[in-house]
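In full-length UniProt numbering, the protein residues as written are 1 to 638.
Quick look at the structure:
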């Protein structure tokens, strides 16, 4: 017997045929592609790297869904406060059951050699079950499939039924095409919703921004987003991952803040009984609202569809650690906020963001008297110009600019975000401390009367305008001024500047006067400006307009008291105006109190005060004549 015949005999006796079938199966069905095989043997360092990278690629839709879900559910407003609990419960269990349990843990296991998506599942089924309408299977395929799966009797029966049913083959193919079409449609619709919702938030900050402008801004962003896909998942992931990770962290913290501040009882939504009550109350409308609730699942299929770019463990890790907790906390915070502010549902996400002093004072130039939103900010424009020039000089060419690996440029958005967050936090922290101090130590009418009636205070000729940021009460700098300069003008006016959301304020309505105490020439004045009013053009007329409005107020205020009081006060005011107007302004420097931690001292004493010093000062912003200006400083220990 020849060597070839002996080998053939050995194969016929046992191991040969099995090995032959196994080789065929490995080649056509069981061969694991190299990329996925590498994913399987990678260590946790690589898994963490992929988990971070997939944040910038996979989670865009799910992460931005809090922008539009609740406004989509409550398009006609919130009819019952407990409806928020029902909807939140629906969102919570939808995300947990569909996104987390179904996609992240169950569907992920049905991958096609590391690949995901509807077509991948159909291909996997065609390889193990002969359901393809294209006759590409071989006789060995069935044997290999049985050898690999060891399917139970029930599964084998189902397999045989599918293979022998021509109708079911069409049903599976059409279902696959329908699923892919829906994903493609979602891929067209969802980015539009996400970007339009994100850009639409500008309307709260810039009310004059028209919808057409929002549309064109969104179009430009979408074109850029689609064009950069050519650089590959690796570079896109490293470019967007820091941004989206920061976004998820921020919406989570905002959600926690709103939850504890507005209505912690919203946690009751974890009880699914509120879903039943929601449907009992709203009936048909509740079913219709499910079209809005389902938006919270937008992008869930991307977790499985993008599996081939990463691996199972990386997506499961990032989903459980950052995605699902952040999104659920964001919804929890929004519902807590809306429980107390139900009228804000059209802009639920942006309205729920805490609005405090987060940036230092900058100059804003309104370039249009017709649209409030058409503004120019020189300081911001200069910073952006310097940043763009710096990036261009740093990267030198467009090739390096496009290579957004972390070490080669991906760090830039993260660093910029860190700087901006730091500036906002410091300004907010310092502003809040200063405001609380002024509010707790403001001067009331009784204290002001005691100061004015003090015989040691000299009353000198002239009119004093004391600028105060408080509309109610007087800044604690005033008694400090009196103690430093024990003299007050014969006519004293506490002035507050206020900006209205209209283009122009008529000259006759610019000044609002109020007498602080009857019989005393001490007044409070609110000076109102529109966003298109030019204070620079009115600087020369300010004192004249102020004097005329003050005279008119005195006449109206004394209309029931007889002419003698009015004539006397008018004469005193005219004399004070002839003697001259002096502008008094306090400069409150915030300092950390003794015993504060070194972190607080560094933040308040150095960072906040440096930011306050570098920006436009109040006297410059209010165009106060420097020759007539007297400043008094005071340290606020916070």
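No residue lacks a Cβ here, since even glycine has one placed at the ideal position from N, Cα and C.
Quick caveat, the model's predicted, so the values are computed rather than measured.
If residue i and residue j are in contact, beta carbons under 8 angstroms, what's the gap, nearest whole angstrom?
{"i": "residue 459", "j": "residue 490", "result": "6 angstroms"}
{"i": "residue 590", "j": "residue 606", "result": "With 8 angstroms as the limit, residue 590 and residue 606 do not qualify as a contact, their Cβ atoms being about 11 angstroms apart."}
{"i": "residue 554", "j": "residue 573", "result": "7 angstroms"}
{"i": "residue 89", "j": "residue 274", "result": "5 angstroms"}
{"i": "residue 426", "j": "residue 266", "result": "Not really, about 31 angstroms apart at Cβ, beyond 8 angstroms."}
{"i": "residue 498", "j": "residue 530", "result": "With 8 angstroms as the limit, residue 498 and residue 530 do not qualify as a contact, their Cβ atoms being about 11 angstroms apart."}
{"i": "residue 579", "j": "residue 462", "result": "4 angstroms"}
{"i": "residue 569", "j": "residue 558", "result": "7 angstroms"}
Check whether the Cβ atoms of residue i and residue j sit closer than 8 angstroms, and answer yes or no.
{"i": "residue 70", "j": "residue 334", "result": "yes"}
{"i": "residue 464", "j": "residue 439", "result": "no"}
{"i": "residue 477", "j": "residue 638", "result": "no"}
{"i": "residue 176", "j": "residue 122", "result": "yes"}
{"i": "residue 466", "j": "residue 492", "result": "yes"}
{"i": "residue 445", "j": "residue 611", "result": "no"}
{"i": "residue 278", "j": "residue 269", "result": "no"}
{"i": "residue 248", "j": "residue 322", "result": "yes"}
{"i": "residue 583", "j": "residue 624", "result": "yes"}
{"i": "residue 304", "j": "residue 107", "result": "yes"}
{"i": "residue 77", "j": "residue 324", "result": "no"}
{"i": "residue 581", "j": "residue 543", "result": "yes"}
{"i": "residue 457", "j": "residue 486", "result": "yes"}
{"i": "residue 545", "j": "residue 576", "result": "no"}
{"i": "residue 250", "j": "residue 111", "result": "no"}
{"i": "residue 281", "j": "residue 80", "result": "yes"}
{"i": "residue 429", "j": "residue 586", "result": "no"}
{"i": "residue 326", "j": "residue 220", "result": "no"}
{"i": "residue 328", "j": "residue 95", "result": "yes"}
{"i": "residue 272", "j": "residue 93", "result": "yes"}
{"i": "residue 174", "j": "residue 199", "result": "no"}
{"i": "residue 520", "j": "residue 452", "result": "yes"}
What are the residues that DSSP puts in a beta bridge with residue i?
{"i": "residue 163", "result": "Paired residues: none, contrary to the question."}
{"i": "residue 582", "result": "464"}
{"i": "residue 487", "result": "458"}
{"i": "residue 514", "result": "524"}
{"i": "residue 637", "result": "591"}
{"i": "residue 495", "result": "467 and 525"}
{"i": "residue 632", "result": "586"}
{"i": "residue 443", "result": "474"}
Relative to the C-alpha of residue i, which residue among the options is closest?
{"i": "residue 245", "options": "61, 332, 165 and 55", "result": "55"}
{"i": "residue 435", "options": "65, 636, 265 and 549", "result": "636"}
{"i": "residue 495", "options": "80, 595, 274 and 550", "result": "550"}
{"i": "residue 165", "options": "179, 130, 199 and 558", "result": "130"}
{"i": "residue 320", "options": "614, 59 and 429", "result": "59"}
{"i": "residue 516", "options": "634, 450, 167 and 258", "result": "450"}
{"i": "residue 470", "options": "437, 452, 462 and 455", "result": "437"}
{"i": "residue 51", "options": "257, 256, 253 and 310", "result": "310"}
{"i": "residue 511", "options": "524, 343 and 261", "result": "524"}
{"i": "residue 57", "options": "225, 100 and 109", "result": "225"}
{"i": "residue 75", "options": "163, 267 and 342", "result": "342"}
{"i": "residue 72", "options": "598, 452, 289 and 170", "result": "289"}
{"i": "residue 687", "options": "105, 126, 100 and 212", "result": "Residue 687 lies beyond the residue range present for the chain, which begins at 1 and ends at 638; the question has no answer from this structure."}
{"i": "residue 91", "options": "292, 124, 570 and 254", "result": "292"}
{"i": "residue 634", "options": "53, 479, 172 and 157", "result": "479"}
{"i": "residue 318", "options": "628, 520 and 100", "result": "100"}
{"i": "residue 431", "options": "468, 571, 556 and 588", "result": "588"}
{"i": "residue 514", "options": "556, 596 and 475", "result": "556"}
Are the C-beta atoms of residue i and some chain B residue less than 8 angstroms apart?
{"i": "residue 106", "result": "Absence of chain B from the displayed structure is noted, only one protein chain being present."}
Say the cut is 7 angstroms; is the CB of residue i nearer than that to a heavy atom of the ligand NAD?
{"i": "residue 277", "result": "No copy of the ligand NAD occurs in the structure displayed, which carries no ligand at all."}
Per the contact definition of three or more C-beta pairs closer than 8 angstroms, is the stretch 76 to 95 in contact with the stretch 336 to 344?
yes
If you pair each beta-carbon of the stretch 309 to 317 with each one of the stretch 43 to 52, do three or more pairs fall below 8 angstroms?
yes
With a threshold of 8 angstroms, are at least 3 pairs of Cβ atoms found where one atom belongs to the stretch 57 to 71 and the other to the stretch 287 to 299?
yes
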